[in-house]
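Step one of this worksheet: look at the structure below.
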Amino acid sequence: MKSRTSLIRVQRFQVEEIQRRVADLERMLDDFRREQEDLEKRVRYEQEKAGITDEGHFAYPTYAKYASMRRDNLSQSIDELSRQVEAERARLADAFEELKKVELVDESARNRAKAESRRREQAELDEMAIGLHQRQSATAS
Numbered sequence: 132m133k134s135r136t137s138l139i140r141v142q143r144f145q146v147e148e149i150q151r152r153v154a155d156l157e158r159m160l161d162d163f164r165r166e167q168e169d170l171e172k173r174v175r176y177e178q179e180k181a182g183i184t185d186e187g188h189f190a191y192p193t194y195a196k197y198a199s200m201r202r203d204n205l206s207q208s209i210d211e212l213s214r215q216v217e218a219e220r221a222r223l224a225d226a227f228e229e230l231k232k233v234e235l236v237d238e239s240a241r242n243r244a245k246a247e248s249r250r251r252e253q254a255e256l257d258e259m260a261i262g263l264h265q266r267q268s269a270t271a272s
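The structure is reproduced here in structure tokens:
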């Protein structure tokens, strides 16, 4: 019983750890997306300010070039991070499944132990009732 309890505790810890990792990755993903949107706004602002939208133009704003490159790098990072989030979610689903299996085995074992205990109690009560009946029958005769 103690080993099952320890196993359940370990499984829960693993599930919680993966949940924390998924939450951290999702926060990073949200941060990257916000930064990407901010960079997009900055690029548009610089383009409007300079009146030039062609990145190949010799007078294209330097900051807009930098922000554009940074935005593109963030897009790649977002794609990679999205794949990591999906992989962690799959691991989380597997960990939940394992936890449920262990919990079901533990619950089944507990139910069997309770049923066995009730069966023993009932057998003792039956034995006492039979003994009482036999004594009453013996004294009545």
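To convert, take the position in the sequence shown, counting from 1, and add 131; that gives the working numbering. All residues carry an ideal CB built from backbone N, CA and C; glycine is no exception.
From the options, residue whose alpha carbon lies closest to that of residue i
i	options	result
GLU171	GLN253, ARG152, SER199	SER199
ARG96	ARG202, LEU230, THR270, ARG241	This structure does not reach residue 96, given that the chain is present from 132 up to 272, and the question cannot be answered.
VAL153	LEU235, ARG220, VAL236	ARG220
VAL216	LYS133, ILE149, ARG135	ILE149
SER208	ASP162, GLN267, ARG249	ASP162
Where residue i sits in the DSSP three-state scheme
i	result
ALA254	helix
ILE183	coil
ALA106	Past the edges of the chain, shown from 132 to 272, lies residue 106, and the structure says nothing about it.
Residue i and residue j closer than 8 Å at C-beta
i	j	result
LEU138	LEU212	no
ARG140	ALA240	no
TYR194	GLU179	no
Give, in chain order, every unbroken run of the beta strand (DSSP E) that is at least 3 residues long and sits entirely within the region 153 to 182.
DSSP runs (the beta strand (DSSP E)) wholly in the region 153 to 182: none.
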